[in-house]
Amino acid sequence: MSKLPQIEKTLLLIGNMLFPAFIFAALLFGFYISHPFLESTNQVFHISFYTLAFLGFSILLYFNKGTPVFIFLGITICYVLINFLKHKYQAEYISSTTYISLCTLAPLNLLFFYYYSPKHLLSKKNAWVLLSIFIQFAIIEQLSQHNIKIGFNFNPDSTSLNFVASILFIITLGNIFYNAIRSGSINDYCIFFTYLSIMMAFCYSSSPSGLSIFFCSAILCLISTVAQNIYNETYKDGLTGLDSRNSYMIHAKNFPLKYCIGIISIDDYDKIGNNFGKRIRNILTKLIANCIINIEKDEQIYRYSPDEFVIIYKSMDKNESFERLETIRRTIASSLFQYSPRRNPIKLTVSACIAEKKRSDTSSFEVLMRADKLLRKTKAFSHNVTSKA
């Protein structure tokens, strides 16, 4: 039965959590050890925050990525407004209507931004979301004029974060952490520690040291998310961890003189999505990828498309490579895939095709297309077969 071993899941969770947790823990430890900072140190963190925020937003703008752009915007707005309120109201800013409203609305907006993930920055939907942010500012201004506070503290002197906002932050963090455990994604863990840093920044907003260092922690965690996303989209497949289609294009230039290209295609991929949903299909795809990796530990494997994997057999002829692909096909066909502990395992199949580089082939693309063309023709009539191009 094919399933993800518990030890593998645990190691994956720890590995993906490690980097953002280290950023947060290092700055948290530094805050408690060195608090309060010198004015010059506070100024360094203050400038660093704006520099990092500008850097992160510039990267998103350059790559036209809209996924975390509103989280960047939300963090920056919170930081600017808190500093403005502290300058305007001095020590009484904590009890001001504007600050209390900001504390309460911040976790709600951050939770929405977590689930709202547009692929592109420049879109009509993003314009409407941006408009909704301005509407919230107008509402906060009206509440301030009528002295209406959204939220309250049992003990106003104990913390800079009001009671209602604390509950909302805890709900938001719990929701994201639960999703992070389920997905094991470094992106979810980075966002979790980003939001945890923002909560800590609100709690210690009365301290210039706490405000600047925790907002810097938030922006660093978020930038690591952006960097990871761009790297994965460029070189790695985010689901399976295998090299991506882009990596294949880059590596193809360095293939040896003799090689074979094998394509493995998941049978009934669209039907699996219709019957089980996208999340379950992703789990099953990852299980199949793990099965292929366990058999071909020494070969280069790419996730070339959502339902196709490409294997490069270097210095092998067509017959030897065919047998290797046939072993993968038979192993998957004879396996049971456990996608949930509460569900019965299911059987899946793949179809495969091998093509050997010829002297007349000018590039690996011709070899790949020859295999792909025959594979598509074969799958039109039958599944669970291995063929030679």
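In this text, residue positions in the sequence shown follow our numbering: the first is 701, and each later residue adds one. For each residue, glycine too, the CB sits at the ideal point set by N, CA and C.
Thinking C-beta only, is residue j closer than 8 Å to residue i?
| i | j | result |
| --- | --- | --- |
| Phe915 | Ser860 | no |
| Thr798 | Leu785 | yes |
| Pro908 | Asn742 | yes |
| Ser897 | Cys921 | yes |
| Ala753 | Phe772 | yes |
| Glu1023 | Tyr1013 | no |
| Val926 | Pro768 | yes |
| Ile871 | Ile891 | no |
| Phe719 | Phe770 | no |
| Leu939 | Thr985 | yes |
| Cys960 | Met1016 | yes |
| Phe731 | Gly910 | yes |
| Ile923 | Gly756 | yes |
| Leu843 | Ser801 | yes |
| Met899 | Leu873 | yes |
| Gly962 | Ile919 | no |
Alpha carbon to alpha carbon, what distance is there between residue j and residue i?
| i | j | result |
| --- | --- | --- |
| Ser1005 | Ala865 | 44 Å |
| Lys1047 | Asn862 | 53 Å |
| Lys1088 | Ala1055 | 6 Å |
| Gly977 | Leu760 | 30 Å |
| Asp1072 | Asp1007 | 12 Å |
| Asn975 | Ile983 | 14 Å |
| Asn994 | Lys1057 | 25 Å |
| Lys1077 | Phe1009 | 17 Å |
| Asn887 | Phe722 | 15 Å |
| Thr1062 | Glu996 | 27 Å |
| Lys824 | Asn932 | 26 Å |
| Leu831 | Pro1041 | 44 Å |
| Glu841 | Phe834 | 11 Å |
| Gln845 | Tyr793 | 15 Å |
| Met1069 | Ala880 | 38 Å |
| Phe1082 | Glu1020 | The sequence as given places Ser at residue 1082; Phe does not occur at that position. Looking at the two C-alpha atoms, the distance is approximately 23 Å. |
| Phe763 | Asn946 | 16 Å |
| Leu1074 | Leu957 | 23 Å |
| Ser740 | Ile839 | 37 Å |
| Ser758 | His787 | 28 Å |
| Trp828 | His735 | 41 Å |
| Glu1066 | Tyr948 | 14 Å |
| Leu811 | Gly774 | 11 Å |
| Asn990 | Arg979 | 17 Å |
Ignore the nearest five residues each way along the sequence and tell me which others in residue i's own chain have a CB closer than 8 Å to its CB.
| i | result |
| --- | --- |
| Val1050 | Ile964, Ser965, Ile966, Asp967, Ile988, Ile1028, Arg1029, Ile1032, Ala1033 and Asn1084 |
| Lys1079 | Ser965, Asp967 and Ser1051 |
| Gln836 | Leu805 and Asn809 |
| Ile707 | Only weak support exists for where Ile707 lies, its pLDDT of 48 falling under 50; the coordinates are left without a value. |
| Asp943 | Tyr935, Lys936, Asp937, His951, Gln1000, Ile1001, Tyr1002 and Arg1003 |
| Phe854 | At Phe854, the pLDDT of 48 sits below 50, so the modelled position is not reliable and the matter cannot be decided from this model. |
| Gln928 | Ile886, Asn887 and Cys890 |
| Glu1026 | Ala1052 and Thr1086 |
| Asn847 | Thr797 |
| Phe729 | none |
Per DSSP, what are the beta-bridge partners of residue i in this structure?
| i | result |
| --- | --- |
| Thr1086 | Ala1052 |
| Tyr1002 | Asp943 and Val1010 |
| His965 | Note on residue identity: the sequence assigns Ser, not His, to residue 965. DSSP output for Ser965 lists Glu1008 and Ser1051 as bridge partner(s). |
| Lys936 | Asp943 |
| Phe784 | DSSP output for Phe784 lists no bridge partner at all. |
| Tyr959 | Lys1014 |
I'd like the list of long-range same chain contacts for residue i, defined as Cβ closer than 6 Å, with 5 residues on each side in sequence excluded.
| i | result |
| --- | --- |
| Ile782 | Ser905 |
| Tyr816 | none |
| Leu711 | Low per-residue confidence applies at Leu711: pLDDT is 48, beneath 50, and the placement is therefore not dependable, though the value from the model is reported in the following sentence. Closer than 6 Å at the Cβ level, and outside the excluded window around Leu711, lies no residue. |
| Phe955 | Ser1064 |
| Tyr878 | none |
| Tyr969 | Asp1007 |
| Pro807 | Leu868, Phe869 and Thr872 |
Could you pull out every residue in the same chain whose Cβ sits closer than 7 Å to the Cβ of residue i, ignoring the five residues on either side in sequence?
| i | result |
| --- | --- |
| Arg981 | Ile972 and Gly973 |
| Ser912 | Asn742, Phe745, His746 and Phe749 |
| Tyr1133 | Nothing can be reported for residue 1133, as the shown portion of the chain is limited to 701 through 1089. |
| Ser796 | Leu785 and Tyr789 |
| Ser917 | Ile723, Phe724, Leu727 and Ser897 |
| Cys673 | It is not possible to answer for residue 673, since the shown part of the chain is limited to 701 through 1089. |
| Ile992 | Ile964, Ile1001, Phe1009 and Ile1028 |
| Met717 | Tyr889 |
| Lys1018 | Cys960, Ile1054, Glu1056 and Lys1088 |
I'd like to know whether the C-beta of residue i is nearer than 8 Å to at least one C-beta of chain D.
| i | result |
| --- | --- |
| Phe976 | Any reference to chain D falls outside this structure, which holds one protein chain only. |
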